[in-house]
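Taken in order, the sequence shown gives residues 566 to 1053; the numbers are from our numbering.
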Amino acid sequence: MSTISESELLAKVPSQLYINGQWVDAAGGKTVDVHDPATGLVIKSIADASPADGMKALDAAVAAQDAWAATAPRLRGEILRKAFDRVQELKDEFALLMTLEMGKPLSEAIGEVNYGSEFLRWFSEEAVRITGRYGTNPEGTGRTIVTQMPVGPCYLITPWNFPLAMATRKIAPALAAGCTVVVKPATLTPLTTLYFVKILEECGVPAGVVNVFTTSTTAEVSDPIVTDKRLRKLSFTGSTGVGQSLMKLATENMLRTSMELGGNAPFLVFEDADLDKAVDGVMIAKFRNIGQACTAANRVIVHESVADAFAQKVTERVKAMKIGRGTEDGVSIGPLIDSKAVAKADQLVQDAVSKGASVLTGGKAIDGAGTFYEPTVLTGVTSAADIMTEEIFGPVLSITTFSTEEEGIAIANDTEYGLIGYVYTEDFKRGQRLIEKLQTGMMGLNAGVISNASAPFGGVKMSGLGREGGFEGINEYLSTKYTMTPNP
Ligand code: NAD
């Protein structure tokens, strides 16, 4: 474990905007405070960009685009690989920084550094595999040439819940493809991205290729960038509502878009499941990141014959969870991101109880400093409860039951979202049926955590479009160009 103190680490993190290779104050010197959700205290004040600053960031990305696209893919890959090595070396610092600004337990923050940095390594390797094709057309009258071009300057908007991974998952494939970027991390957790961009600068990313700003006046600064004709791609991770409004703006210039939006993941436990494995799986799928993940198990749907045994085992595990600041040893439940998140979790619990659910453990906000909510287990949740349709984004495990496979699938698919589903069964044929029948972009089959840089992450329905990671990830930043030429 790193011996660096919290104050030493925070002093190393830039507090300015990074535009065209320079760290600069916001126009007018405005700043915005970043808080530790475990204490409510301000940990750092950082530059708060104005619309003019946002436009300067786009100007820089546009100016750097052609030269960056012309660099050798190997060079781009080597810069990303250097960044991977450096983030790994600074693992403890990145982890502590995320715990300080976002609240997740330190052990989970280490996990995120490993996961998030893998996108740098994966796309460092993909940069040199961008390829095309050359061939005779079917009529034999000419040659078909297909090449892949970088889409051009990109605007990358990330959420607060995974401050490193959401940034690397976008920045790495964009740079690998030869695109320049403007990055806007969430105002609640910008420090990790600022520190990461400092590392990219040290690793040799040329001026203008990566630009980053934070702002408290988001739409005012962001809208002119999204609607600027020079921007060619918008990649957004966040809530479905904001994603929808950005999609509308993006139609103005027919922007390429990737949308990683909200989820309402079903976690199906069949009567033939290994219950202990299912309990292990749901503890991760539900409580990782204090329940604040788009992939979080939102509706635990258990076969009626095993529901009581499952609920009992889960409740024992949840009662043993240690709540506290993520920096403390053994803590698995840190604070929620802010008081609004606590109020929302509580309101969903109260609503479910008023519609017939029982609280097996938890069910209350915790008084005192910080924004904590007790890890909670609800059973007997009815279809009328809001918790069945809304993203909880908190440590509340909500159990409902089913009696036949068809009914389980119908409940699982009864949502506007389609990011991920989890299925626990020891019957492989049933697992295969579920792969085909669950309306989601991803599935965990006897697995409670699925994220991996080598795999395509993304959803269907209101969970968005596009894929991040895998072979598919770099294609989001490439545009296919076809050329016809007569026979030589
Ligand atoms: P959010 O939509 O409030 O904010 C996401 C980002 O968009 C932030 O940077 C925010 O500042 C910015 N933003 C907000 N309004 C904007 C506007 N008008 N113009 C431009 N940018 C704007 O979401 P959040 O609360 O930060 O994150 C939680 C949400 O993100 C959840 O719904 C979660 O499911 C989703 N999420 C999805 C994935 C995925 O891969 N599908 C991953 C993580 C989080």
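Just so you know, even glycine gets a beta-carbon here, dropped at the ideal spot from N, CA and C.
Predicted model only: the values in this text are computed from it and were never measured.
- Taking the C-beta atoms as reference points, threonine 980 is found no nearer than 8 Å to threonine 947.
- Between the stretch 916-923 and the stretch 783-792, the count of Cβ pairs shorter than 8 Å is below three; the stretches do not touch.
- Taking the C-beta atoms as reference points, threonine 965 is found nearer than 8 Å to isoleucine 976.
- With a cut-off of 7 Å, the C-beta of proline 750 is classified as near the ligand NAD, since at least one heavy atom of the ligand falls inside that distance.
- Distances taken from the Cβ of glycine 895 to the heavy atoms of the ligand NAD include none shorter than 7 Å.
- Placement of the Cβ of asparagine 1011 at a distance of 7 Å or more from every heavy atom of the ligand NAD is found.
- The alpha-carbon of methionine 848 is positioned some 8 Å away from that of glycine 1013.
- Counting of Cβ neighbours within 10 angstroms places serine 968 among the exposed residues, the total staying below 16.
- In this chain, the alpha helix (DSSP H) harbouring glycine 806 covers 805-815.
- Distance from the C-beta of proline 724 to the nearest heavy atom of the ligand NAD is below 7 Å.
- Short of 6 Å from the beta carbon of arginine 882, and not among the five residues preceding or following it, lie these beta carbons of its own chain, in chain order: Met848.
- Annotation: the continuous alpha helix (DSSP H) that includes valine 879 extends over 872-884.
- DSSP places isoleucine 1015 in the coil class of the three-state scheme, outside both helix and strand.
- The residues Val578, Val599, Lys609, Leu662, Glu666, in chain order, have a CB closer than 7 Å to that of leucine 756 in the same chain once the five nearest residues on each side in sequence are set aside.
- Contact between glycine 899 and cysteine 859 is absent: CB atoms are separated by about 18 Å, not below the 8 Å threshold.
- The C-alpha of glutamate 971 lies about 23 Å from the C-alpha of lysine 842.
- Taken in chain order, the unbroken stretches of alpha helix (DSSP H) that lie wholly in the stretch 649-699 and span 4 residues or more are 656-667, 671-691.
- The DSSP-derived three-state label of aspartate 932 is coil.
- For the pair proline 750 and glutamate 654, the Cα-to-Cα distance works out to about 23 Å.
- Apart from the 5 residues on each side of it in sequence, alanine 949 sits with its Cβ closer than 6 Å to the Cβ of Lys920 in its chain, given in chain order.
- The stretch 835-862 is shown to contain whole alpha helix (DSSP H) runs of 4 or more residues at 840-852, in chain order.
- If you check the C-beta of leucine 826 against the ligand NAD, you find a heavy atom less than 7 Å away.
- Alanine 830 and glycine 986 do touch by the CB rule: their CB atoms are close to 6 Å apart, below 8 Å.
- Between the ligand NAD and serine 1016, a heavy atom-to-CB distance of less than 7 Å is absent.
- Look at serine 787 here: in three-state DSSP terms it is helix.
- In this structure, the CA atom of aspartate 911 is about 23 Å from the CA atom of valine 867.
- Taking the Cβ atoms as the reference, valine 716 lies roughly 15 Å from arginine 641, outside the contact range of under 8 Å.
- As DSSP reads the structure, leucine 582 sits in a beta bridge with Val589.
- Using a cutoff of 7 Å, the CB of leucine 811 counts as near the ligand NAD, since one of the ligand's heavy atoms is closer than that.
- One alpha carbon belongs to lysine 851, the other to methionine 714, and they sit about 40 Å apart.
- For the pair of segments examined, the stretch 1000-1007 was found not to touch the stretch 696-708: the number of CB pairs separated by less than 8 Å stays below three.
- Secondary structure at methionine 620: helix, using DSSP grouped into helix, strand and coil.
- Taking one beta carbon from each stretch, the stretch 734-751 and the stretch 682-694 have 3 or more pairs nearer than 8 Å; the two touch.
- Under the three-state reduction of DSSP, lysine 887 is assigned to coil, being neither helix nor strand.
- In the DSSP assignment, threonine 757 falls within the alpha helix (DSSP H) that extends over 756-767.
- In the DSSP annotation of this structure, the continuous segment of the alpha helix (DSSP H) that includes glutamine 915 starts and ends at 904-919.
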